[in-house]
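Here's the structure, in structure tokens; my notes come after.
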Amino acid sequence: SVLFTVVSVVLVCFVQERGALGFERHYHVTDPFIRRLGLEAELQGHSGCVNCLEWNEKGDLLASGSDDQHTIVWDPLHHKKLLSMHTGHTANIFSVKFLPHSGDRILITGAADSKVHVHDLTVKETIHMFGDHTNRVKRIATAPMWPNTFWSAAEDGLIRQYDLRENSKRSEVLIDLTEYCGQLVEAKCLTVNPQDNNYLAVGASGPFVRLYDIRMIHNHRKSMKQSPSAGVHTFCDRQKPLPDGAAQYYVAGHLPVKLPDYNNRLRVLVATYVTFSPDGTELLVNMGGEQVYLFDLTYKQRPYTFLLPKKCHTSGEVQNGKTSTNGMSNGIHLHSNGFRLSEGRAHVSPQVELPPYLERIKQQANEAFACQLWTQAIQLYSKAVQKAPNNAMLYGNRAAAYMKRKWDGDHYDALRDCLKAISLNPCHLKAHFRLARCLFELKYVAEALECLDDFKGKFPEQAHSSACDALDRDINAALFSKNDNAEDKKGGGPIRLRATGRKDSISEDEMVLRERSYDYKFRYCGHCNTTTDIKEANFFGSNAQYIVSGSDDGSFFIWEKETTNLVRVLQGDESIVNCLQPHPSYCFLATSGIDPVVRLWNPRPESETLNGRVVVDMEGASQANQRRMNADPLEVMLLNMGYRITGLTSGGAGGSDDEDSSEGQVQCRPS
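Residue numbers (mature numbering (1 follows the signal peptide of the UniProt record, and there is no 0)): -22 to -1, 1 to 649.
Have a look at this one:
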């Protein structure tokens, strides 16, 4: 009886504690808190740019690393500097990490001197120094399941694994990207899945993000004979590829075909930061030179390249997503080479009328569209799509807004929306036409012509409309253009970041992995990431409700994860915000950048007036950043030096896509 009572009390306490923890994690970041987020304090102590931040597991310590080669450990809740030490590095520190299960005693740093150092904070000494990399070390990663192990990513293209156990303090090559991408590839960032520490994500030069199964790599290499080279600690012979199934690539579907254009304009694509969601099911990537992307690791999808729907009968039906009556052959199957349609007949449900509150949101979006407020229209349509994910009209209308805005990636998102609208209603007239236009804008010219011909067959009354004729002329002109060739369409090659003279070849294994890449789920726009290669993007909230990212304009941006809508912009630095690290359990954010300070942000009291760091004109800031990303690199350099460039600071945010000269009703008016 006594034992039963004791066990019952323990269980009740455990349940109460778990319940309190669950409540805290669920509600510690909410929309009202986000909208009141403001500057709490500035932590001063560094004399150079603060390039990295790291919370300990409890959230009562914050470590920072700087160009001044010092690391500082702070008590952020009381705004106090607890410890400052020179790390022994001779160049800028780019990464700092607490070693798990060390009682916050061991700190690891990586720097531009190509070194990785391990420090004992209790005695303020550097206890291990690893000099195996031959180029700048950009990121360190740790994992709770591997208490004596950590990993580094460096610009020599290597991912190295470290073992701090007494009998084997050494570093070994886990992944050699140069075997797959040539000597020009540079590893920029890495992270370990918090729920399954066997998975390691790596970001490098180029648009592809790589996910590796560490366990598979180890098991494969244990079964191989070790190289006889004495004194060289490597997992395997450098000529051996990774085992099949040990790597999976992810890429925003439009980026490989855009690479030649970006290369011609000296616009570099490079993953500057990767991180997993708290539950380990999503991967967030800040793509330098582009946008922020979220990849779903559970419900994967191939890149949306092209879909030519089966013919459907339009007579007697209501078009543009409003209703559809009989079943159509519109089952979509994804394959590595794009799309095909199933041979079976899929039932198309009649479109359900939107409830009144969503109908009002749709009308507000239509009004914003009529006023050419494209971003506002997109956000309103996105809000409605979240609540009514099976409404073809909403997808079709949002596609039109994307096509009018023309930011980087907008035509690809529009293509995705067109395909979704057609899958819901195969006789959606406007979605069919917009699909052809999107394919043309994305340089799939032959497919655009085929899609347009199919559109004319399905909707003969539109075959000679002004929009149709204009697109037909554009396509035929492009087909005969010398610039339209197969190599431009393939893309996917490496980006040259250094002078020639080094090995630069893509292996067959690499090409296969790229062809098997999966596409993104969500895209977040508004920030600018072209100036630094350490810019972070993170999940905010234990349920990953929000996405945060730094920016070259000195601001940081906060989006709703599910709608991708921008909800808050704050001025976080006089120049550039690079680092954003959310507190593990509070609505508390640490940021840093070019300024030699660490800034702390939390919800301000309602009695406190809003501070001057709030960027009210979020759309204006976003448009300016889109122009900045598409500006000539020399113009950006001059802008950073304080010169005003007329072409950069005025005019519309056209992105890199050509203006659409055809404005026929079939294309641009929302339903």
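The C-beta atom is built at its ideal place from N, Cα and C for all residues, glycine as well.
Sequence-distant residues of the same chain with beta carbon closer than 7 Å to residue i, five excluded per side
i, result
"Gly258", "Asn171, Pro172, Gln173, Asp174"
"Tyr524", "Val7, Ile12, Phe518, Ile536, Trp537, Glu538, Lys539"
"Gly23", "Ile50, Lys59, Ser62"
"Leu336", "Ala362, Lys365, Ala366"
"Asp511", "Lys166, Val248, Thr250, Gly266"
"Glu18", "Leu578, Trp579, Asn580"
"Asn176", "Asp191, Ile192, Arg193"
"Arg245", "Gly267"
"Leu99", "Val51, Leu61, Arg83, Leu85"
6 Å CB neighbourhood of residue i in its chain, flanking five on each side removed
i, result
"Pro648", "Asn344, Phe347, Asn375, Ala378"
"Gly496", "The sequence as given places Tyr at residue 496; Gly does not occur at that position. Closer than 6 Å at the Cβ level, and outside the excluded window around Tyr496, lie Tyr228, Lys278."
"Arg383", "Trp352"
"Ala90", "Ala69, Asn70, Arg114"
Three-state secondary structure (DSSP) of residue i
i, result
"residue 659", "With the chain covering only -22 through 649, there is no way to say anything about residue 659."
"Glu584", "coil"
"residue 669", "There is simply no residue 669 to check, as the chain begins at -22 and stops at 649 in what is shown."
"Asn70", "coil"
"Met202", "coil"
"Gly266", "strand"
"Asp82", "coil"
"Arg193", "helix"
"Pro648", "coil"
"residue 650", "Only positions -22 to 649 of the chain appear in this structure, which leaves residue 650 out of reach."
"Lys58", "strand"
"Lys384", "coil"
"Leu272", "strand"
"Ser600", "helix"
"Ser25", "coil"
"Tyr228", "strand"
"Gly160", "coil"
"Ile623", "Annotation note: pLDDT 40 at Ile623 (below 50); position unreliable, no value reported."
"Gly109", "coil"
"Ile118", "strand"
"Asp38", "coil"
Best match in the options for proximity to residue i [C-alpha to C-alpha]
i, options, result
"Leu233", "Asp573, Val252, Glu486, Val187", "Val187"
"Asp551", "Pro560, Lys384, Gly528", "Gly528"
"Asn507", "Arg383, Ser485, Leu247", "Leu247"
"Thr250", "Asn603, Arg494, Ser73, Leu55", "Ser73"
"Met44", "Lys116, Ser80, Leu152", "A small fix is needed here, since residue 44 is Ser in this sequence, not Met. Selected option, being the one with the closest Cα: Lys116."
"Asp487", "Asn608, Tyr390, Trp33, Gly223", "Gly223"
"Pro256", "Asn521, Pro185, Ser563, Asn543", "Asn521"
"Arg582", "Ala426, Val592, Pro574, Asp98", "Val592"
"Arg501", "Leu261, Val547, His410", "Leu261"
"Leu491", "Asp274, Pro10, Lys340, Tyr158", "Tyr158"
"Cys429", "Ser444, Ile105, His56, Cys396", "Cys396"
"Met489", "Pro562, Gln226, Glu331, Gly532", "Gln226"
"Asn543", "Val270, Ala455, Gly571", "Val270"
Through-space distance from residue j to residue i, alpha-carbon basis
i, j, result
"Leu142", "Arg83", "14 Å"
"Cys557", "Ala448", "46 Å"
"Gln357", "Gln342", "11 Å"
"Met381", "Ala599", "20 Å"
"His95", "Ile71", "10 Å"
"Lys467", "Cys565", "Confidence in Lys467 is poor, its pLDDT being 46 and thus under 50, which makes the residue's placement unreliable; the coordinate value appears in the next sentence. When rounded, the distance between both Cα atoms is 45 Å."
"Gln47", "Glu419", "47 Å"
"Arg220", "Ile195", "Reading the sequence as shown, one finds Leu at residue 220 and not Arg. One C-alpha to the other measures close to 7 Å."
"Gly231", "Tyr422", "13 Å"
"Thr276", "Leu393", "23 Å"
"Gly299", "Arg415", "Because the pLDDT at Gly299 is just 45, under 50, the model does not fix this residue reliably, and the point stays unresolved."
"Val180", "Thr253", "9 Å"
"Arg148", "Gln139", "8 Å"
"Asp432", "Lys236", "26 Å"
"Pro185", "Glu586", "43 Å"
"Phe411", "Glu514", "38 Å"
"Asp635", "Asn608", "The pLDDT assigned to Asp635 is 33, lower than 50, so where the model puts this residue is not dependable; a value taken from the coordinates is nonetheless given after this. Answer to the nearest angstrom: the Cα atoms are 10 Å apart."
Beta-ladder partner(s) of residue i, from DSSP
i, result
"Leu75", "With the sequence shown as reference, residue 75 is identified as Lys, and Leu is not the correct amino acid for it. Lys75 pairs with Ile86."
"His48", "His64"
"Glu103", "Asp98"
"Asp154", "Leu136"
"Leu168", "Val180"
"Ser533", "Gln549"
"Gly43", "Cys30, Thr49"
"Asn516", "Val526"
"Val248", "Ser183, Gly266"
"Val576", "Leu21"
Test: residue i CB closer than 8 Å to a CB of chain D
i, result
"Arg114", "Looking at the structure shown, chain D is missing, and only one protein chain is on hand."
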